[in-house]
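**Student:** Starting off with a structure, shown below.
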Amino acid sequence: MTSFLKKYKWPLAISLAAFLIRVIYLVQYRSNPSFYFPMVDELWHFNWAREIITSSFWGNEAYFRGPLYPYFLAFLLKITGSSIFWSRLLQEIVPSLSAALVFLIGNRLFSKKIGIIAGFGFALYGTMIFYDAMFLLEVLFVFLVLLAVYLMIISQSDIDWRKWLLIGFIMGLAAITRPNILLIVPLFMIWIYWSFKEIKGFARKMILPLILAIGTVVAIFPVTLRNYLVTGEAILISSQGGVNFYIGNNPDAEGLTMLMPEVKLDESLPWTEFNAATRAAAEKEAGKKLTVGQESSFWTKKAEHFIFSQPGKFISLTFKKLIYLFLGFENSDNGDIYFSRNFSSLFSILLWHKLIYFPFGLIFPLAVVGMVEGWKRRRDLALLYIFVIGYVPTVILFLVTARHRLPLIPFLLLFAALGAVGIWEHWKKKEKRRVAFYGAIFLVFLVLSNRTYFDIGFQNEAQIHFNLALSYERQGNLPEAEKEYKLALENNPLSATVLNNLGYVQFRQGKLNDAMASYDRAIQADPKYAETYNNMGMLYEMRQDFAGAEQAYKKAVNLDPQLYQAFLNLGDVYLEQNEYIKAEVAYLQARETAPKNKEPYFKLGALYGRKQEYQKAEEAFRTGNMLGQPSAFDYVNWGNIYYATGQAAKAISFYKSALQNDSTFLQAYYNLGLAFQRFNYPADSAKLYLNKALRINPQYEPAKRLMEQIK
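Mapping the sequence shown onto the working numbering, position 15 (from 1) lands on 30, and the numbers just tick up by one.
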């Protein structure tokens, strides 16, 4: 044990340091309101992972994204009991191992000193720490890439085909995490081909590169096969490549954020609806229904059309993205990285902007020096150069964000350590010309990478407060949510989405006049914003103005026929007035609009129950149950079917299920008391639940009357 610790003390020390630093950050950062409420890509991955655990392990559609990370996250959630904190904490083991790999690569290619500097640099790198704590795929992707590169380095003179098959397999795992790595695999194959000088002849030299490729295919093939079995289409890994390529290359694109002419990609589009919105836009333009493969091809062709029809604009856009890629400013997504400094004193030390954008604004100039210093050993260091240079196009062909350039960071840290040590060594040797040359390179790139160009370098204050408001709203902290929405409006006063959300928060607090004023402003900002009319309808409904509610809901569905919630609300208005036929039509329209959503089925089940069409009611409830868990209200309505048909045990079981879902649901307690009394159970059983109902609402007359009857 002692010899093991002595031999591996540095990778162990670096790994432990990386983990402890991330744990400290995590403990501090959980004060952020969004910590327990994932958003955007985090929410996508989180929901996907929960679906894997609870309902559909394999899924029933082509993977929209590389699937490995969601399955990894599902594993974390499973072993932590779906604890967000503990899942984030366990995930931090992965970047801790990545830090050790950075040391091992540096130690192997350069020296122990450079390995230590680069390893601790990774452990302390602020942007890495920020994203390592999130439910995002980069944490796993970076580890797999580093592992594959390290194994290639130590196997450089080894002709054991099994090792290269394993390396290829790890590359394949990286590909089913983020498919863009496949663009670099051919470069790795070329590197292998030229690395084995002792092997003669083209055919023999191609064996190991092909084995690497076979290993990659072996990892990817199960995903491709699964996609084919589900869709009938040969989708290699995921179906998002086409739309992502178009988002990065279209007439509206600016390289930093998601923009496309066909779909309004802003806060008004919930991230969970992104796929459906882009699919609808593609089908509308194509004039027909598209499969997922056809949709991806549709967007790819549109991107290609933009590139070849407007080459000047494409070149200008690509040049801008290349500049963005190497600027010190961290272009955030999934939360503003600079604003997040407010929630962690440690993080505020490790990432900041005063004169320079630290850390990237310092690391990149040093990395350029390191790349110049290492050029004389370019054959030995070819793998690092290949990855850095080869990975750049995989970013700038799409979007440039702090998160998307993370895979470059470990390699830039290695070169930066080489650059810093190189300058120091040349200084000690009094090689003034070399020091001056490197100093000039460093200063030039320090200035260039710490300036702001075009429209980069600014925080989106409106988005920051909007995201905070969403987090508070999901927590149920409505006063704070209202406050943050108002702050968002100060920076973006004409946002219909913010005004609509503000109105809804005010509505939930009973501030009906304020809510209506916010809704009116939202409609003035965007007269075609259907969500606002839907919310207005709920306000009218609360005021018992059913005519106003009906008019508002109809306006909502006319503006957005895909807004199934407005159809449901319209049906509820009709049901409230005992207009069963109209209610059924509205619910059926909701079902047609959202056939995979549980709510229309549960609404129909309740309606059919009231109409005493019990068989149709049960079929609707069963279908809804297959699509998602019923709410407490749904369980009660379902139980009412069995109560009405004299099936006592089933009715009681469903009422109890309602209470398991919501232990404060008065109606479930009352219905249990009613069922026990009607089906001649002991009186004490009925009294038990009626008393619980009366504890919730002592003035609940039906429970009081039934209690008197039992006495």
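Virtual Cβ for every residue (Gly too), placed ideally from N, Cα, C.
Just so it is clear, the structure is predicted and the values come from calculations on it, not from any experiment.
1) Does the distance from the CB of L433 to the CB of G389 come in under 9 Å?
2) Taking 6 Å as the limit between beta carbons, can you name the residues of its chain near M722, skipping five residues before and five after?
3) Going by the CB atoms, is the gap between A605 and L583 shorter than 9 Å?
4) I'd like the span of the alpha helix (DSSP H) that includes I371, first residue to last.
5) Rounded to whole angstroms, what is the Cα-Cα separation between K447 and I438?
6) Where does the unbroken alpha helix (DSSP H) through Y406 begin, and where does it stop?
7) Quick one, which of R177, I250, I226, P85 has its alpha-carbon nearest Q309's?
8) Which residues in the same chain have their Cβ closer than 6 Å to the Cβ of F203, if we skip the five residues on either side of it in sequence?
9) Helix, strand or coil for W314? Go by DSSP, reduced to three states.
10) As a quick exercise: from N549, E607, K316, pick the residue whose alpha carbon is nearest that of A301.
11) Quick one: give me the first and last residue of the alpha helix (DSSP H) that W59 is part of.
12) Give the C-beta separation of Y78 and I196 to the nearest angstrom, bearing in mind that I take them to be a contact with Cβ-Cβ under 8 Å.
13) Rounded to a whole number of angstroms, what is the C-alpha to C-alpha distance between H419 and F452?
14) Just verifying my parser: in three-state terms, what is the DSSP assignment at V278?
15) Can you tell me the Cα-Cα spacing of E546 and M531, whole angstroms?
16) Residues bridged to H368 by DSSP?
17) For S172, tell me which candidate among D395, T239, R449 has the shortest Cα-Cα distance.
18) Is P380 closer than 9 Å to V459 when the C-beta atoms are compared?
19) With H, G and I counted as helix, E and B as strand and the rest as coil, what does DSSP make of G257?
20) Could you give the distance in angstroms between the alpha-carbon of R123 and the alpha-carbon of R449?
21) Three Cβ pairs or more, each shorter than 8 Å: is that satisfied between the stretch 546 to 561 and the stretch 510 to 517?
22) Among Y165, Y657, L340, Y684, which residue has its Cα nearest to the Cα of F118?
23) Excluding the 5 residues flanking Y519 on each side, which residues of the same chain have their C-beta closer than 6 Å to its C-beta?
24) Does DSSP put W25 in a helix, a strand or coil?
25) Shorter than 9 Å from the beta carbon of T69 to some beta carbon of chain B?
26) Give me the Cβ distance between D608 and Y589, rounded to the nearest whole Å; I'm assuming they're in contact under 8 Å.
27) On the three-pair Cβ rule with 8 Å, is the stretch 256 to 272 touching the stretch 92 to 112?
28) Please state whether the Cβ-Cβ distance between I656 and F636 is less than 9 Å.
29) In terms of alpha-carbon separation, which member of G183, A455, Q627, F90 lies closest to A64?
30) Report the rounded CA-to-CA distance for Y353 versus P276, giving the unit in angstroms.
31) Is the beta carbon of A114 sitting closer than 9 Å to the one on A228?
32) Quick test of your reading: K498 and L517, contact by CB under 8 Å. State the CB separation rounded to the nearest angstrom.
33) Measure the C-alpha to C-alpha separation of K707 and W653 and round it to an integer number of angstroms.
34) Can you look up V384 in the DSSP assignment and give me helix, strand or coil?
35) Can you list, in chain order, the residues of its chain whose CB lies under 6 Å from that of K93, leaving out five sequence neighbours each side?
36) Considering only their Cβ atoms, is the gap separating K613 from P576 smaller than 9 Å?
**Tutor:** The answer reads as follows:
1) By one-based count along the sequence shown, residue 433 stands at place 418. By one-based count along the sequence shown, residue 389 stands at place 374. In this structure, G389 lies closer than 9 Å to L433 by Cβ.
2) Numbered from 1 along the sequence shown, position 707 holds the residue referred to as residue 722. Contacts found: L705.
3) Within the sequence shown, numbered from 1, the residue matching residue 583 stands at position 568. Within the sequence shown, numbered from 1, the residue matching residue 605 stands at position 590. A contact, by the Cβ cut-off of 9 Å.
4) Translated into the one-based positions of the sequence shown, residue 371 becomes position 356. First-last for I371: 371 to 373, but that is the beta strand (DSSP E), not the alpha helix (DSSP H).
5) As a first step, residue 447 is located in the sequence shown; it is residue number 432 there, counting from the start. As a first step, residue 438 is located in the sequence shown; it is residue number 423 there, counting from the start. Taking the straight line joining both Cα atoms gives about 10 Å.
6) Translated into positions along the sequence shown, residue 406 becomes position 391. Here the alpha helix (DSSP H) through Y406 covers 397 to 411.
7) Here residue 309 is taken as the residue at index 294 of the sequence shown, counted from 1. Cα-wise, what sits closest to Q309 is I250.
8) Within the sequence shown, the letter at position 188 stands for residue 203. If we look at F203 and ignore the five residues flanking it on each side, it has no Cβ neighbours.
9) On the sequence shown, residue 314 is found 299 positions in, with the first residue counted as 1. In this structure, W314 counts as helix in the three-state DSSP scheme.
10) As a position in the sequence shown, residue 301 is number 286, starting the count at 1. The shortest C-alpha separation from A301 is found at K316.
11) As a first step, residue 59 must be located in the sequence shown, where it is residue number 44. Run containing W59: 55 to 69, per the alpha helix (DSSP H) assignment.
12) Start at 1 with the first residue of the sequence shown, and residue 78 comes out as number 63. Start at 1 with the first residue of the sequence shown, and residue 196 comes out as number 181. Contact flag wrong, Cβ pair sits at about 16 Å.
13) Start at 1 with the first residue of the sequence shown, and residue 419 comes out as number 404. Start at 1 with the first residue of the sequence shown, and residue 452 comes out as number 437. About 32 Å.
14) As a position in the sequence shown, residue 278 is number 263, starting the count at 1. Correct three-state label for V278: strand.
15) Your numbering for residue 546 matches position 531 in the sequence shown. Your numbering for residue 531 matches position 516 in the sequence shown. So the two alpha carbons sit approximately 13 Å from each other.
16) The count along the sequence shown starts at 1 and reaches residue 368 at position 353. In DSSP, H368 forms a bridge with Y372.
17) The residue given as residue 172 occupies position 157 in the sequence shown. The residue with the shortest Cα to Cα distance from S172 is D395.
18) Stepping through the sequence shown from its first residue, residue 459 is reached at position 444. Stepping through the sequence shown from its first residue, residue 380 is reached at position 365. The answer is yes: Cβ separation under 9 Å.
19) On the sequence shown, position 242 is the one that residue 257 refers to. Here G257 carries a helix assignment [DSSP, helix/strand/coil].
20) Here the question's residue 123 lines up with position 108 in the sequence shown. Here the question's residue 449 lines up with position 434 in the sequence shown. Here the C-alpha atom of R123 lies approximately 25 Å from the C-alpha atom of R449.
21) With a cut-off of 8 Å, the stretch 510 to 517 and the stretch 546 to 561 count as touching, because enough Cβ pairs lie within range.
22) Counting from 1 along the sequence shown, the entry for residue 118 is found at position 103. Taking F118 as reference, the option from Y165, Y657, L340, Y684 with the minimal CA-CA separation is Y165.
23) Counted from its first residue, the sequence shown places residue 519 at position 504. N550, listed in sequence order.
24) Numbered from its first residue, the sequence shown carries residue 25 at position 10. Residue state, collapsed to three classes: helix.
25) Here there is only one protein chain, and chain B is not present.
26) Here residue 608 corresponds to residue number 593 of the sequence shown, with the count starting at 1. Here residue 589 corresponds to residue number 574 of the sequence shown, with the count starting at 1. Position check: residue 608 holds Thr in this sequence, whereas Asp was assumed. That belief does not hold up - the Cβ atoms of T608 and Y589 are roughly 17 Å apart, past 8 Å.
27) When C-beta atoms of the stretch 256 to 272 are compared with those of the stretch 92 to 112, fewer than three pairs fall below 8 Å, so the two segments do not count as touching.
28) Position 641 of the sequence shown, counted from the first residue, corresponds to residue 656. Position 621 of the sequence shown, counted from the first residue, corresponds to residue 636. Yes, the pair counts as a contact, with Cβ atoms nearer than the cut-off.
29) In the sequence shown, the residue the question calls residue 64 occupies position 49. Of all alpha-carbon atoms in G183, A455, Q627, F90, the one lying nearest the alpha-carbon of A64 is that of F90.
30) Counting from 1 along the sequence shown, the entry for residue 353 is found at position 338. Counting from 1 along the sequence shown, the entry for residue 276 is found at position 261. Between Y353 and P276, the C-alpha separation is close to 29 Å.
31) To locate residue 114, count along the sequence shown from 1; it is residue 99. To locate residue 228, count along the sequence shown from 1; it is residue 213. Not a contact, by the Cβ cut-off of 9 Å.
32) Position 483 of the sequence shown, counting from 1, holds the residue named residue 498. Position 502 of the sequence shown, counting from 1, holds the residue named residue 517. No, K498 and L517 are not in contact; Cβ-Cβ is about 10 Å, not under 8 Å.
33) By 1-based counting over the sequence shown, the position of residue 707 is 692. By 1-based counting over the sequence shown, the position of residue 653 is 638. A direct Cα-to-Cα measurement between K707 and W653 gives close to 21 Å.
34) Indexing the sequence shown from 1 puts residue 384 at position 369. Reduced to three states, the DSSP call for V384 is helix.
35) Residue mapping note: residue 93 aligns to position 78 of the sequence shown, counting from 1. Same-chain partners within the cutoff: I68.
36) Taking the first residue of the sequence shown as 1, we reach residue 576 at position 561. Taking the first residue of the sequence shown as 1, we reach residue 613 at position 598. No, the pair does not count as a contact, with Cβ atoms beyond the cut-off.
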